[in-house]
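Residue numbers (the numbering used here), protein chains in the order written: chain G, 1 to 143; chain D, 1 to 361. Encoded as structure tokens, the structure appears first; notes follow it.
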């Protein structure tokens, strides 16, 4: 291969591997994104890598406002046509809001993964080790 | 070590997500995804690599006799070129497999079996065959492409002499030249749409795949994977071995009376008759609560466990979740309200008629 075509191949592989990773968010190793709204409030969703792996989503189960979530444990699940997958909470806290739109339109997670937030969590007392966008991109590349 | 079909490279080139299935590596979906692939078959056309299916031949003067003994259906009055569905049973009436039989002539029958059961089927048949008949496993000689959907005929007609195609559902033409390749073409399928199943020698499979893809482009044809194959057959209420029937469910319980001729002798017949009246039956369930029922989930009426789901999914075309289930006979009337235990939650569902979906004409 010539140097030019080799570089093009590498760039394509790089682009495909990264998918879309938003820079201002943090990420868990299980592919959830975390938006830190303030010191003890976060919003949680699924990354572009996750929605692509899961395929077309047809159903979402969310917790209720007031429920406790625990870092590292499941707090929601999503269903594709083929299977159900757990969504893990990167933080410990109390659910202060849920995105009801997802209940009627789970496809929003595929179409706009960073806009389709699942829950807002307040009184955050514990966080898993979160990756910044660069570290998360690397994780996805290696996957 | 899982095997590749002759179309492996075509799938990769089309962006297929490859997974192991029945000893082969096949695409579960392409970049289009299960829902778009499912809808393409319902509205336009889709094509599937089904080369993993098994094919066997019964030849000789005693071919018919053996088919009638080993299989539940009666093949006596078939005409040349006809295709007939059947089940194959164990002595206790449980199912070995379901399959379809293509009659070439009185002394030659081509039988297509489930990929996952091929070895088991071949062994069973070899143990129960007798007389002047030659039985051969020709699975490795054939690749198979299923072209399904309302536009399937229009697409295929561009690549062959349409007059040579089988004119009716469940008929086949033993030799049609498709894009110059001699193929077996049957009007059969596992999607609930009209369409064809095309059998060709392995070395020509990629050529045909690409020709169909190219010709079908203007019609909206896309390649479809195993994921869509399953949602399509489920939506159409078609049973799948290992789910709606298995070695402990007999074909009448699965609702396959049309393929079981109790008036003639066949392996398993006496055991099925001895059971007497039905104690359980396959039904269709429409999920009315929030959730997607899947296979092997318990079904309740109140606190009473009355059966289990055999398959379940969210139906892309219908837009709701359905399941098939084997329920105690007392609860199989259409309209019966039940609950399915979906991962610890009881979700309401209703017994509905099968199939869930039927094509317009």
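Even for Gly, the Cβ is constructed at its ideal location relative to N, Cα and C.
Cβ separation of residue i and residue j, assumed to be a contact under 8 Å, to the nearest whole Å
{"i": "residue 197(D)", "j": "residue 146(D)", "result": "5 Å"}
{"i": "residue 144(D)", "j": "residue 135(D)", "result": "Between residue 135(D) and residue 144(D) the Cβ distance is about 20 Å, and since that is not below 8 Å, they are no contact."}
{"i": "residue 265(D)", "j": "residue 52(D)", "result": "Residue 265(D) to residue 52(D), Cβ: 32 Å. No contact."}
{"i": "residue 78(G)", "j": "residue 54(G)", "result": "6 Å"}
{"i": "residue 236(D)", "j": "residue 357(D)", "result": "6 Å"}
{"i": "residue 55(D)", "j": "residue 142(D)", "result": "5 Å"}
{"i": "residue 268(D)", "j": "residue 91(D)", "result": "6 Å"}
{"i": "residue 40(D)", "j": "residue 224(D)", "result": "7 Å"}
{"i": "residue 71(G)", "j": "residue 128(G)", "result": "5 Å"}
Interface flag, residue i vs chain G, CB-CB below 8 Å
{"i": "residue 33(D)", "result": "yes"}
{"i": "residue 292(D)", "result": "yes"}
{"i": "residue 313(D)", "result": "yes"}
{"i": "residue 43(D)", "result": "no"}
{"i": "residue 231(D)", "result": "yes"}
{"i": "residue 227(D)", "result": "yes"}
{"i": "residue 148(D)", "result": "no"}
{"i": "residue 29(D)", "result": "yes"}
{"i": "residue 316(D)", "result": "yes"}
Residue i at chain D interface by Cβ criterion, 8 Å
{"i": "residue 109(G)", "result": "no"}
{"i": "residue 78(G)", "result": "no"}
{"i": "residue 56(G)", "result": "yes"}
{"i": "residue 59(G)", "result": "yes"}
{"i": "residue 69(G)", "result": "no"}
{"i": "residue 17(G)", "result": "Model confidence at residue 17(G) stands at a pLDDT of 45, short of 50, so the residue's coordinates are unreliable; what they give is reported in the following sentence. No, no contact with chain D."}
{"i": "residue 87(G)", "result": "no"}
{"i": "residue 82(G)", "result": "yes"}
Buried/exposed call for residue i, threshold 16 Cβ in 10 Å
{"i": "residue 226(D)", "result": "buried"}
{"i": "residue 275(D)", "result": "exposed"}
{"i": "residue 343(D)", "result": "exposed"}
{"i": "residue 138(D)", "result": "exposed"}
{"i": "residue 294(D)", "result": "buried"}
{"i": "residue 76(D)", "result": "exposed"}
{"i": "residue 318(D)", "result": "exposed"}
{"i": "residue 253(D)", "result": "buried"}
{"i": "residue 130(D)", "result": "exposed"}
{"i": "residue 361(D)", "result": "exposed"}
{"i": "residue 26(G)", "result": "buried"}
{"i": "residue 177(D)", "result": "exposed"}
{"i": "residue 9(D)", "result": "exposed"}
{"i": "residue 218(D)", "result": "exposed"}
{"i": "residue 340(D)", "result": "buried"}
{"i": "residue 334(D)", "result": "exposed"}
Within 8 Å, strictly: CB atoms of residue i and residue j
{"i": "residue 369(D)", "j": "residue 278(D)", "result": "No answer is possible for residue 369(D): it lies beyond the span of chain D, which begins at 1 and ends at 361."}
{"i": "residue 90(G)", "j": "residue 141(G)", "result": "no"}
{"i": "residue 228(D)", "j": "residue 195(D)", "result": "no"}
{"i": "residue 97(D)", "j": "residue 117(D)", "result": "yes"}
{"i": "residue 73(G)", "j": "residue 97(G)", "result": "no"}
{"i": "residue 45(D)", "j": "residue 189(D)", "result": "no"}
{"i": "residue 76(G)", "j": "residue 49(G)", "result": "no"}
{"i": "residue 34(G)", "j": "residue 28(G)", "result": "yes"}
{"i": "residue 284(D)", "j": "residue 338(D)", "result": "no"}
{"i": "residue 80(D)", "j": "residue 103(D)", "result": "yes"}
{"i": "residue 246(D)", "j": "residue 95(D)", "result": "yes"}
{"i": "residue 56(G)", "j": "residue 34(D)", "result": "yes"}
Residue i versus the options, residue with shortest Cα-Cα distance
{"i": "residue 445(D)", "options": "186(D), 238(D), 155(D)", "result": "There is simply no residue 445(D) to check, as chain D begins at 1 and stops at 361 in what is shown."}
{"i": "residue 352(D)", "options": "103(D), 326(D), 359(D), 341(D)", "result": "326(D)"}
{"i": "residue 36(G)", "options": "139(G), 143(G), 126(G), 76(G)", "result": "126(G)"}
{"i": "residue 86(G)", "options": "112(G), 129(G), 128(G), 46(G)", "result": "46(G)"}
{"i": "residue 128(D)", "options": "63(D), 183(D), 103(D), 79(D)", "result": "63(D)"}
{"i": "residue 99(D)", "options": "9(D), 297(D), 259(D)", "result": "259(D)"}
{"i": "residue 104(G)", "options": "115(G), 138(G), 61(G)", "result": "61(G)"}
{"i": "residue 113(G)", "options": "38(G), 23(G), 51(G)", "result": "51(G)"}
{"i": "residue 133(D)", "options": "106(D), 192(D), 185(D), 249(D)", "result": "106(D)"}
{"i": "residue 122(G)", "options": "24(G), 23(G), 30(G), 40(G)", "result": "40(G)"}
{"i": "residue 281(D)", "options": "302(D), 251(D), 304(D)", "result": "251(D)"}
{"i": "residue 1(D)", "options": "24(D), 83(D), 19(D), 299(D)", "result": "24(D)"}
{"i": "residue 193(D)", "options": "14(D), 67(D), 232(D)", "result": "232(D)"}
{"i": "residue 68(G)", "options": "56(G), 88(G), 136(G)", "result": "88(G)"}
{"i": "residue 199(D)", "options": "210(D), 181(D), 211(D), 191(D)", "result": "181(D)"}
{"i": "residue 202(D)", "options": "30(D), 27(D), 17(D), 50(D)", "result": "50(D)"}
Check: residue i C-beta below 7 Å from any heavy atom of the ligand GTP
{"i": "residue 30(G)", "result": "The model on display carries no ligand, and the ligand GTP is accordingly not part of it."}
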